[in-house]
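J.:
There are 2 protein chains.
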Amino acid sequence: MSQQRHGSTPGHGAGAVPAFPDLPEATIARLPEYLRALHNLGETGADTVSSEGLAAAAGVNSAKLRKDLSHLGSYGTRGVGYDVTLLIEQIEYVLGLDQRRAVCLVGLGNLGHALAGYDGFASRGFKIVALFDADESKVGEIIHGLPVRHISDLGRVAVEEKIAIGVIATPAGAAQAVADVLVDAGVTSILNFAPCVLSVPSNVDVRKVDLAIELQILSFHEHRKASLTALPGGRSATTAGDQEAVGS
Amino acid sequence: MSQQRHGSTPGHGAGAVPAFPDLPEATIARLPEYLRALHNLGETGADTVSSEGLAAAAGVNSAKLRKDLSHLGSYGTRGVGYDVTLLIEQIEYVLGLDQRRAVCLVGLGNLGHALAGYDGFASRGFKIVALFDADESKVGEIIHGLPVRHISDLGRVAVEEKIAIGVIATPAGAAQAVADVLVDAGVTSILNFAPCVLSVPSNVDVRKVDLAIELQILSFHEHRKASLTALPGGRSATTAGDQEAVGS
DNA sequence: CGCGATTTGTGCACGCCTTCACAAGCGCCT
DNA sequence: AGGCGCTTGTGAAGGCGTGCACAAATCGCG
Ligand SMILES: NC(=O)c1ccc[n+]([C@@H]2O[C@H](COP(=O)([O-])OP(=O)(O)OC[C@H]3O[C@@H](n4cnc5c(N)ncnc54)[C@H](O)[C@@H]3O)[C@@H](O)[C@H]2O)c1
Ligand SMILES: NC(=O)c1ccc[n+]([C@@H]2O[C@H](COP(=O)([O-])OP(=O)(O)OC[C@H]3O[C@@H](n4cnc5c(N)ncnc54)[C@H](O)[C@@H]3O)[C@@H](O)[C@H]2O)c1
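Chains as they are written, first to last, in the UniProt record's numbering: chain C, 1 to 248; chain R, 1 to 248.
#1: Would you identify the three-state DSSP class for residue 192(C), choosing helix, strand or coil?
#2: Against chain R, does residue 20(C) count as a neighbour if the rule is that its beta carbon must be under 9 angstroms from one of theirs?
#3: Going by the beta-carbon positions, is the gap between residue 88(C) and residue 219(R) smaller than 9 angstroms?
#4: Helix, strand or coil: how does DSSP classify residue 236(R) here?
#5: The segment 162-194 of chain R: which residues have C-beta closer than 7 angstroms to a C-beta of chain C, in chain order?
#6: Quick check on the burial criterion: 16 or more other C-beta atoms within 10 angstroms. Buried or exposed for residue 44(R)?
#7: Spell out the partners DSSP gives residue 83(C) in its beta bridges.
#8: Check the Cβ of residue 212(C) against every Cβ in chain R and list those closer than 7 angstroms, keeping chain order.
#9: Please list the partners that residue 207(C) has in chain R, where partner means a Cβ-to-Cβ separation under 7 angstroms.
#10: Along the beta strand (DSSP E) that carries residue 139(R), what are the first and last residues, could you check?
#11: If you follow the beta strand (DSSP E) that residue 151(R) is in, where does it begin and where does it stop?
#12: What's the call for residue 173(R), buried or exposed, on a 16-neighbour Cβ count within 10 Å?
#13: State yes or no: is the C-beta of residue 111(R) within less than 9 angstroms of the C-beta of residue 118(C)?
#14: Express the C-alpha separation of residue 83(R) and residue 47(R) in angstroms, rounding to a whole number.
#15: Specify the secondary structure class of residue 77(C) as computed by DSSP and reduced to three states.
#16: At the 9 angstroms Cβ level, is residue 10(C) part of the contact set with chain R, yes or no?
#17: Please name the residue or residues paired with residue 250(R) in a DSSP beta bridge.
#18: For residue 17(C), which residues of its own chain have a beta-carbon under 6 angstroms away from its beta-carbon, when the five flanking residues on both sides are left out?
#19: Would you check if there are 3 or more beta carbon pairs closer than 8 angstroms linking the segment 130-145 of chain R to the segment 124-135 of chain C?
#20: Taking 8 angstroms as the cut-off, is the C-beta of residue 209(C) nearer than that to any heavy atom in ligand 1?
#21: Our contact map puts residue 167(C) next to residue 106(C) with C-beta atoms below 8 angstroms; I'd like the distance itself, whole angstroms only.
#22: Helix, strand or coil for residue 135(R)? Go by DSSP, reduced to three states.
#23: Could you tell me how far apart the beta carbons of residue 200(C) and residue 183(C) are, in whole angstroms, since I believe they sit closer than 8 angstroms?
#24: Return the CA-CA distance between residue 154(R) and residue 185(R), expressed in angstroms with no decimal places.
Encoded structure:
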């Protein structure tokens, strides 16, 4: 049972080592978005960027962005904006992206294959160092330059390769077992694509990506929108020719 | 997002059509999880389930679950729990899953192939009815029983097939253009896998799935955990450049 | 050198969400 | 029939996150 210690009041006394100011979780979730926007801006040759401009590129409110950035210190210049390169460095440092993190992928079916070939990992500081599957017929296969190993080797390889993050792309029925293996191997972060809840020790972080949930949320909004248009209009043709332009 | 009318007292005058009570967004996001847990429970033969039990299966607090469910009416029995079948029906109704929603998938590369073959769609009330790509060499290819069509056919097909949800699995550079095409075709819900922000009219809902963001959030927590264990335990190797004096 | 234009950083208020705690309701057992 | 244990539904409190609005800071220019 994951205990949640609600300790606010950051009591750690004067850490010599950075010892993070505890950033709001919501802020952390947005930092990667800012980072991506900054990289895009950097490629267009921009040296500095205003909170307004960056906020637009990241799709958020500018006040929110400023507050987020203020949590990690003052790296902007009033009257000018933020130095793109400096801000990139800072955010990458906070997110721990200055050191490359080793990732392993478990389950090389449909989805696993796609993930293994995804270049979006390496370009953002992550490196897939090992692939695992339980299916003997898949073990040994080379996928995008990496051999598929048997899940029973995970414990050994994880230590050797200092794997920090495990990605689960197995059927839901196997996910908990895989998570247990990962945890036993010392992996402390898990990204789970299987539609199920994982129970792990409190020191392990789990994030979940569930397609079906996303679709169902969209479905709800479709349902809601349909019931709204049904009320006033009677039947609105919705042949959907033109949309009012919203962009800016 | 859309305008939030804070009203308790939802003023719609006795809608003949359901006309939704406005559920909190946070609740909506959890309903699919409850639904999945309920289906699992149903398969084990359970007739009823307590809030405690369902909450555990869905990985949430039981009070939160009760409050969530209370928003859609009283479908539980005090002293007993919730009727599994009835609750499933209710949640599916609220989410609009009683009617099958047509989905189209744009971009049949690495990821698109995996998505096209995913059976988790159909099993939850969604049906992929069309595949689109801009690459002529891919057009005509049959993937899991469906032909790949050219993106220029999207407008016509979307109307014919009454497509409600579009899934974007193209590179980021093409995503906005694809979104525009979808919007023009009358699609009002988009699930975006490309790492970029989309700008769409306010009546269109967009949800984003971004792997890199998930990994970076995990990376942050790894970083934090590492800096914490560095404090009490003895020698901080300082191999990495940790300086960063925060604070005044 | 000073002034105005610009933009950051933040105090503050407000609303949403979570969580606790408990009364009301229900069924079962005696 | 009555009491008792169990569970739901909800009022209330507190925490968190958001967004406004503005003072402080900086630059460019005359
Ligand atoms: N395919 C998709 O587009 C998609 C999308 C979203 C979510 N998902 C989810 O991702 C997961 C994988 O989907 P998929 O379509 O790739 O399934 P799949 O059946 O194609 O692949 C699953 C893989 O996991 C392996 N596996 C099974 N048990 C294992 C174990 N104990 N240890 C290690 N490996 C094991 C299998 O050998 C197989 O290679 C599922 O949970 C699915 O719901 C898939
Ligand atoms: N592969 C993964 O595991 C993965 C994971 C997460 C996110 N993503 C993201 O998903 C997207 C697709 O990834 P991928 O690996 O499948 O890329 P990919 O290059 O393999 O496939 C992209 C497909 O989109 C098609 N396309 C390009 N422009 C188009 C247009 N204007 N209209 C229609 N189709 C067009 C291409 O022809 C190609 O088939 C990318 O944005 C990527 O960042 C991929």
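From the three backbone atoms N, C-alpha and C, an ideal C-beta is built for every residue, glycine too.
T.: A quick look at the data gives this:
#1: Taking the first residue of the first sequence as 1, we reach residue 192(C) at position 192. Note: residue 192(C) maps to strand in three-state DSSP.
#2: Within the first sequence, the letter at position 20 stands for residue 20(C). Yes, because at least one Cβ of chain R sits closer than 9 angstroms to the Cβ of residue 20(C).
#3: Working through the first sequence from its first residue, we reach residue 88(C) at position 88. Working through the second sequence from its first residue, we reach residue 219(R) at position 219. The answer is no: Cβ separation not under 9 angstroms.
#4: Position 236 of the second sequence, counted from the first residue, corresponds to residue 236(R). Model confidence at residue 236(R) stands at a pLDDT of 41, short of 50, so the residue's coordinates are unreliable; what they give is reported in the following sentence. Here residue 236(R) sits in coil by DSSP.
#5: 164, 165, 183, 184, 185, 186, 188, 189 and 191
#6: By one-based count along the second sequence, residue 44(R) stands at place 44. Exposed, by the Cβ-count rule.
#7: Taking the first sequence and counting its residues from 1, one reaches residue 83(C) at position 83. Residue 83(C) pairs with 48(C).
#8: If you number the first sequence from 1, residue 212(C) lands on position 212. Under the 7 angstroms cutoff, chain R gives 32, 120 and 124.
#9: Translated into the one-based positions of the first sequence, residue 207(C) becomes position 207. Residues of chain R passing the Cβ test: 214, 217 and 218.
#10: By 1-based counting over the second sequence, the position of residue 139(R) is 139. Unbroken run through residue 139(R): none, as it is neither H nor E.
#11: For the purposes of this step, residue 151(R) is taken as the residue at position 151 of the second sequence. No beta strand (DSSP E) contains residue 151(R), which DSSP labels as neither H nor E.
#12: Position 173 of the second sequence, counted from the first residue, corresponds to residue 173(R). So residue 173(R) counts as exposed.
#13: Numbered from 1 along the second sequence, position 111 holds the residue referred to as residue 111(R). Numbered from 1 along the first sequence, position 118 holds the residue referred to as residue 118(C). The answer is yes: Cβ separation under 9 angstroms.
#14: As a first step, residue 47(R) must be located in the second sequence, where it is residue number 47. As a first step, residue 83(R) must be located in the second sequence, where it is residue number 83. Approximately 6 angstroms between the Cα atoms of the pair.
#15: Position 77 of the first sequence, counting from 1, holds the residue named residue 77(C). In this structure, residue 77(C) counts as strand in the three-state DSSP scheme.
#16: Start at 1 with the first residue of the first sequence, and residue 10(C) comes out as number 10. Because residue 10(C) carries a pLDDT of 36, less than 50, the predicted location of this residue cannot be relied on, and no value is offered for it.
#17: Nothing about residue 250(R) can be read from this structure; chain R reaches only from 1 to 248.
#18: By 1-based counting over the first sequence, the position of residue 17(C) is 17. Reliability fails at residue 17(C), whose pLDDT of 47 lies under 50, so the model's placement of it is uncertain and no value is given.
#19: no
#20: What you label residue 209(C) is simply residue 209 of the first sequence in a count that begins at 1. Answer for residue 209(C): yes, Cβ within range of ligand 1.
#21: Counting from one through the first sequence, the residue named residue 167(C) turns up at place 167. Counting from one through the first sequence, the residue named residue 106(C) turns up at place 106. Between residue 106(C) and residue 167(C) the Cβ distance is about 7 angstroms, and since that is below 8 angstroms, they are a contact.
#22: Indexing the second sequence from 1 puts residue 135(R) at position 135. In the structure shown, residue 135(R) sits in coil (DSSP, three-state: anything other than H, G, I, E or B).
#23: The count along the first sequence starts at 1 and reaches residue 200(C) at position 200. The count along the first sequence starts at 1 and reaches residue 183(C) at position 183. Sure, about 6 angstroms apart at Cβ, within 8 angstroms.
#24: Taking the second sequence and counting its residues from 1, the one referred to as residue 154(R) is at position 154. Taking the second sequence and counting its residues from 1, the one referred to as residue 185(R) is at position 185. So the two alpha carbons sit approximately 7 angstroms from each other.
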